[in-house]
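Enquirer: Here it is, the structure, as structure tokens.
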Amino acid sequence: MVGYAMRRILGLVAVWFIAVLLTFIAVQFVPGDPILALLSDRSGDPVLEARLRAEYGLDRALWVQFLDYLGNIANGTFGLSFRFAGTPVIDVIAGGLTISPVLALVSIAIAVPLGVSLGVFVAIRQNTWADTLVILILVAGISVPNFAMAAFLVYLFSIKLGLVPVAGWGGADQLILPVTILVIPPTAYIARLTRTYMLEVLQQDYIRTARAKGVRERLVIYRHALRNTLVPLLTTIGIIFGGLLSGTFVVETIFNIPGLGRMAIESIFARDYPVTMSIVLLFTVFYSLINLIIDLLYAALDPRIRLDAGES
Amino acid sequence: MRVYTVPTIIGAASLALATMISSPGSAAELRTNINADPSMVDPITYSELISGDILMNIYEGFVGLDKDGNVVPALATGWKAHDDNLGFRFELRKGVKFHSGRDFTAKDVKYTFEQLLIPGNKGGLNSEYLDGIVGADAVKEGKTTTLEGVKAVDEHTLDVRFTSPDVLFPIYPFFFMDSGIVAEHGADWATKASAGTGPFKFVAWKRGQEVQLAAHKDYWDGSPKTEGVRFLVVPSGDTAVSMYEAGELDLVYADQGTIRRILKDDQFEGQRITAPAAQIRYLGMNQTQYEPFKDIRVRQAVCIAFDRDAMAKGLYGGAAFPLYGQVTPGVAGYNPDLKPIPYDPDTAKKLLAEAGYPGGKGLPPIKVTSTEPNKNDIAYFASQLKDVLGMPVEVEVVERGSHIKKMNAGEVAFFPWGWSAGYPDALYFLSQVWYGPSKYNRSRWQNDDFDKLIEESQKTADEKSRYALYNKAEQILLDDWGTCPTTVRMQVALKKPYVSGVNLIPFRFLPFNEVAVNR
């Protein structure tokens, strides 16, 4: 198990390097020149342009710039921001560093139990009116885009009812709407999956056996059926997590939350490449770590899929 | 089988949290929006709009503006031109205190100018106003840090010498700073301390969230009527309006995307404030890039082939009005008597036929180019010019930075663009956008008589005669159809009824020292 984990972590480092390389190449293809964006109206001044280009090291060969960037990641500054002249990237993003991951983690922590419970609830009521109604709501939850949902909830709860703030960050009350928006789609998705897996599992022989033995229905559902449902569900949670992280981009912009997602968008528009690249890297690291944890959990839950099966 | 209940985690949590709603901000503080973080909060590198909105509450120059947009004395109480017209002697205001408690004196002005010019400091917008001072080049080239042409005669008298006359120097919007600040707080003082004389002191900048200012009680023009100002960073215009509706903002400067909603919604009746922007807009026709533009009849035909009133209503939701010259109302030197430019498709067709292109036949293809925010404008121009003149126009949307560079280099043939005034005088528009040698003369229109009038006006201190020169020059530009003036944008803001003393002028908001908040 430990050997497996170590090998996976080494693999991740390679993934991160490729992510850095790809983002570095990608920003070279983005139309627009950061120095021209910086100069704006004053781009008629070639002396100033040359001076700035040299100051930011953009006059050197690409591979030198890339090595430079790797060095800046290693020393923890992530280079200098273009937009906030002279400020290290780490200082620009420091305030938002934990916000998007926390939002995503809180949302998944709510979405998983909620979605699983809902899924079980409807699975054992298959083809009743309750099943149909819940499924209908779930489909709506997946289909309505989060920005539309956000606009509706803000109008209802903030402007009309005055219960929660429209936007902002810092107070617990300011978390309610953004987290709700983030929670709805994964909850709906997980509930639908749980229902499907559950229905499949409930038809298995061992469930019939359990029932025949006279095991109480509650135990049949939770001990025998649900546990076997969790294994395939777990893999999808990793994927759902990626969706949640990108969901924070939209939610942070709408609710004016100073997290990495909003910063990424602002930095793209401002051609602040060092900030964009650093945020992409951080999201990659975070996402890959979550998936590593899920894979390890998976192996723990289902002994059959441990790769180093020879040890057991 | 009733044991299965859907957990009500969210519902319970929401209720619990909703009961602990906090109310941020004290009662007497003004909360307003900015749509992005400022790029900087120091007066030396200052080079963009949002920073300017904040810094103008912290720093002051020789003069300020009143609510009618007139120039009024601020840190200078008076000035007199030298006999040779090559400079000024300024009398500085006595008894002015910096936020640090130190007295404001002539040496602080000299220090500010030198800091703007020293190469390593990356002097921003305000450094351009110093180019004509004796010795400015030596400081810019790093040969010295002492600006020879500026002398502190005594604590409150300052002498400035130029290499060539610059009668507008006293009205340039400088931000004078405390010369003792670096010694006290170090080179990175800007996010830790406040170095101005203005009505508000810098308190904190929480990146992505807000910039906070507090009242400067010893302000020379009386203590501000609020405890402070909070500029909340709200990138989405719609979110800003929603926050205003929910009472989380007291004052909102509307962005282009929300103006339509604000103007139409009855609930904002009595809460809207509007003022024209000090920004000319024009359709640039570069004669060096498109042969037919060399013919004045073609230029005129283009300029009368679109409907400025329809643009104001349709494209800008009513938050604009037609512009017939290249100076906007509210800027000194504006000529209110200019002849309206008609929308006259028949004459336009006739002119184009006379120029040898009947129905657009024989015209080479041309692109009308601009950036993403102007895409509706170029689509309108292209469709009008095709419909009315049969001109083979295509639209082209490009990235901003490279577009500006190409326009500066005179390589864009046909483009709608704008220019915002940095100080309240028509010379800003005329000398920067239409004066031959200007680096921002993007359509490369050039006229010797026009240039001579501009040069003369730069030497003419008397306002009445100077404005007459502007009007004459502007008429030459218009008579030659060197430009198509299009529209002036209307600024729209929302102000809660409990807020008073807000002044929206063509140069955005005045400093907030007169603002009172009685929530």
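From first to last, the protein sequence lines are chains A and B.
Quick note: the first sequence uses the UniProt record's numbering, first residue 1, plus one each step.
Quick note: the second sequence uses the UniProt record's numbering, first residue 1, plus one each step.
The C-beta atom is built at its ideal place from N, Cα and C for all residues, glycine as well.
1) Would you please verify whether the beta carbon of L230 of chain A is less than 8 Å from any beta carbon of chain B?
2) What is the rounded straight-line gap between the Cα of K439 of chain B and the Cα of P43 of chain B?
3) Which residues in the same chain as N286 of chain B place their Cβ atom closer than 6 Å to its Cβ, once the five residues preceding and following it in sequence are excluded?
4) Contact check, S194 of chain B vs H99 of chain B under 8 Å by CB: the rounded distance?
5) Check the Cβ-Cβ distances between A167 of chain A and every residue of chain B, and say whether any is below 8 Å.
6) Going by Cα to Cα distance, which pick from B:L427, B:A214, B:G359 is closest to D387 of chain B?
7) Determine whether the Cβ of I18 of chain A lies closer than 8 Å to any Cβ atom of chain B.
8) With burial defined as no fewer than 16 other Cβ atoms inside 10 Å of the residue's Cβ, what is the status of S465 of chain B: buried or exposed?
9) Helix, strand or coil for T258 of chain B, going by three-state DSSP, please let me know.
10) Could you tell me whether any Cβ in chain B is nearer than 8 Å to the Cβ of I254 of chain A?
11) Of all Cβ atoms in chain A, is any one closer than 8 Å to the Cβ of P373 of chain B?
12) Below 7 Å between beta carbons is the criterion; list the residues of the segment 26 to 57 of chain A that meet it against any residue of chain B, in chain order.
13) Taking 8 Å as the cut-off, does the segment 261 to 271 of chain B touch the segment 328 to 336 of chain B (at least 3 CB pairs, one atom from each stretch)?
14) Identify each residue in the segment 28 to 39 of chain B for which the Cβ-Cβ distance to at least one residue of chain A is less than 8 Å, and report them in chain order.
15) Using the beta-carbon count (16 or more within 10 Å), is E29 of chain B buried or exposed?
16) Tell whether a beta-carbon distance below 8 Å holds between V488 of chain B and A320 of chain B.
17) Mind checking who Q279 of chain B pairs with in its DSSP beta bridge?
18) If I measure Cβ to Cβ from N447 of chain B and keep anything under 8 Å in the same chain, skipping five residues before and after, which residues do I get?
19) For V252 of chain B, decide whether its Cβ has a neighbour in chain A, counting only Cβ atoms nearer than 8 Å.
20) F176 of chain B and Y59 of chain B - do their beta-carbons sit closer together than 8 Å?
21) Let me confirm a value: S267 of chain A is counted as buried when at least 16 other C-beta atoms fall within 10 Å, else exposed. Which label applies?
22) If you draw a straight line from the alpha carbon of H156 of chain B to that of I280 of chain B, how long is it in whole angstroms?
23) Under 7 Å Cβ to Cβ from V13 of chain A, same chain only, skipping five residues before and after it: list those, please.
24) Looking at the C-beta of M243 of chain B, does it have a partner C-beta in chain A at a distance below 8 Å?
25) Within the segment 364 to 394 of chain B, note down every full beta strand (DSSP E) run reaching 3 residues or more, in order along the chain.
26) Curious, which full-length alpha helix (DSSP H) runs of at least 4 residues does the segment 60 to 108 of chain B contain?
27) Give the interface partners of S51 of chain B over in chain A, defined as CB-CB distance under 7 Å, in chain order.
28) Hey, would you say I366 of chain B sits closer than 8 Å to P345 of chain B, going by beta carbons?
29) So what's Y206 of chain A in DSSP terms, helix, strand or just coil?
30) So which residues of chain A does E399 of chain B contact, with C-beta pairs closer than 7 Å?
31) Anything in chain C within Cβ reach of V139 of chain A, meaning under 8 Å, just list it in chain order.
32) Leaving out the 5 sequence neighbours to the left and right, which residues in its chain are closer than 6 Å to D131 of chain B when beta-carbon positions are compared?
33) Between E248 of chain B and chain A, is there a C-beta pair that is closer than 8 Å?
34) With distance defined between alpha-carbon atoms, name the residue in B:G222, B:V492, B:P485 nearest to F509 of chain B.
35) Roughly how many angstroms lie between the CA atoms of R53 of chain A and G186 of chain B, to the nearest whole one?
36) Restricting to Cα atoms, I'd like to know which of B:D337, B:E48, B:G284, B:A353 is closest to S370 of chain B.
Expert: Let's see:
1) Position 230 of the first sequence, counted from the first residue, corresponds to residue 230 of chain A. Output row for L230 of chain A: interface = no.
2) Your numbering for residue 439 of chain B matches position 439 in the second sequence. Your numbering for residue 43 of chain B matches position 43 in the second sequence. Distance between the alpha carbons of K439 of chain B and P43 of chain B is about 24 Å.
3) Here residue 286 of chain B refers to the residue found at position 286 of the second sequence. A413, S443, R444.
4) Along the second sequence, read from residue 1 onward, the residue named residue 194 of chain B stands at position 194. Along the second sequence, read from residue 1 onward, the residue named residue 99 of chain B stands at position 99. With 8 Å as the limit, S194 of chain B and H99 of chain B qualify as a contact, their Cβ atoms being about 4 Å apart.
5) By one-based count along the first sequence, residue 167 of chain A stands at place 167. Chain B, which has a Cβ nearer than 8 Å to the Cβ of A167 of chain A, makes this yes.
6) Translated into positions along the second sequence, residue 387 of chain B becomes position 387. The shortest C-alpha separation from D387 of chain B is found at B:G359.
7) Taking the first residue of the first sequence as position 1, residue 18 of chain A is located at position 18. No, I18 of chain A does not count as interfacial toward chain B.
8) Working through the second sequence from its first residue, we reach residue 465 of chain B at position 465. The residue in question, S465 of chain B, is exposed, as its Cβ has fewer than 16 Cβ neighbours within 10 Å.
9) Here residue 258 of chain B corresponds to residue number 258 of the second sequence, with the count starting at 1. Note: T258 of chain B maps to coil in three-state DSSP.
10) For the purposes of this step, residue 254 of chain A is taken as residue 254 along the first sequence, with counting starting at 1. Among the residues facing chain B, I254 of chain A is included, as its CB has a counterpart in that chain under 8 Å away.
11) Residue mapping note: residue 373 of chain B aligns to position 373 of the second sequence, counting from 1. So, not an interface residue.
12) P31, G32, D33, L36, A37, S40, D41, S43, G44
13) no
14) Residues of the segment 28 to 39 of chain B with a C-beta atom less than 8 Å from some C-beta of chain A are A36, D37, S39, listed in chain order.
15) For this step, residue 29 of chain B is matched to residue 29 along the second sequence. Flag for E29 of chain B reads buried.
16) Along the second sequence, read from residue 1 onward, the residue named residue 488 of chain B stands at position 488. Along the second sequence, read from residue 1 onward, the residue named residue 320 of chain B stands at position 320. Going by C-beta atoms, V488 of chain B is nearer than 8 Å to A320 of chain B.
17) Start at 1 with the first residue of the second sequence, and residue 279 of chain B comes out as number 279. Its beta-bridge partners are B:S420.
18) Along the second sequence, read from residue 1 onward, the residue named residue 447 of chain B stands at position 447. Sequence-distant Cβ neighbours of N447 of chain B in its own chain, meaning closer than 8 Å and more than five residues away, are G436, I476, L477, D480, G482.
19) For this step, residue 252 of chain B is matched to residue 252 along the second sequence. Chain A places no beta carbon closer than 8 Å to that of V252 of chain B, leaving this residue out of the contacts.
20) The residue you call residue 59 of chain B lines up with position 59 of the second sequence. The residue you call residue 176 of chain B lines up with position 176 of the second sequence. In this structure, F176 of chain B lies closer than 8 Å to Y59 of chain B by Cβ.
21) Counting from one through the first sequence, the residue named residue 267 of chain A turns up at place 267. S267 of chain A is buried by the Cβ-count criterion.
22) Along the second sequence, one-based indexing puts residue 156 of chain B at 156. Along the second sequence, one-based indexing puts residue 280 of chain B at 280. Distance between the alpha carbons of H156 of chain B and I280 of chain B is about 38 Å.
23) Walking along the first sequence from the start, residue 13 of chain A turns up at place 13. Here the set comprises nothing.
24) The residue labelled residue 243 of chain B in the question sits at position 243 within the second sequence. Yes, contact with chain A.
25) 366 to 371
26) The qualifying runs do not exist here; there are none.
27) The residue you call residue 51 of chain B lines up with position 51 of the second sequence. Listed along chain A is no residue with a C-beta nearer than 7 Å to that of S51 of chain B; the closest approach is about 11 Å.
28) For the purposes of this step, residue 366 of chain B is taken as the residue at position 366 of the second sequence. For the purposes of this step, residue 345 of chain B is taken as the residue at position 345 of the second sequence. No Cβ-Cβ contact shorter than 8 Å links I366 of chain B with P345 of chain B.
29) Looking up residue 206 of chain A in the first sequence gives position 206. Reduced to three states, the DSSP call for Y206 of chain A is helix.
30) For the purposes of this step, residue 399 of chain B is taken as residue 399 along the second sequence, with counting starting at 1. Going along chain A in sequence order, the residues near E399 of chain B (Cβ under 7 Å) are P31, G32.
31) This model lacks chain C altogether, as its protein chains are A and B.
32) Sequence index remark: in the second sequence, residue 131 of chain B carries index 131 (1-based). Once the five neighbours on either side are set aside, D131 of chain B has no close Cβ partner at all.
33) If you number the second sequence from 1, residue 248 of chain B lands on position 248. It does: the Cβ of E248 of chain B has a partner Cβ on chain A nearer than 8 Å.
34) For this step, residue 509 of chain B is matched to residue 509 along the second sequence. Nearest in C-alpha terms to F509 of chain B, of all of B:G222, B:V492, B:P485, is B:V492.
35) In the first sequence, residue 53 of chain A corresponds to position 53, counting from 1. In the second sequence, residue 186 of chain B corresponds to position 186, counting from 1. About 27 Å.
36) Residue 370 of chain B sits at position 370 when you count from the first residue of the second sequence. Cα-wise, what sits closest to S370 of chain B is B:G284.
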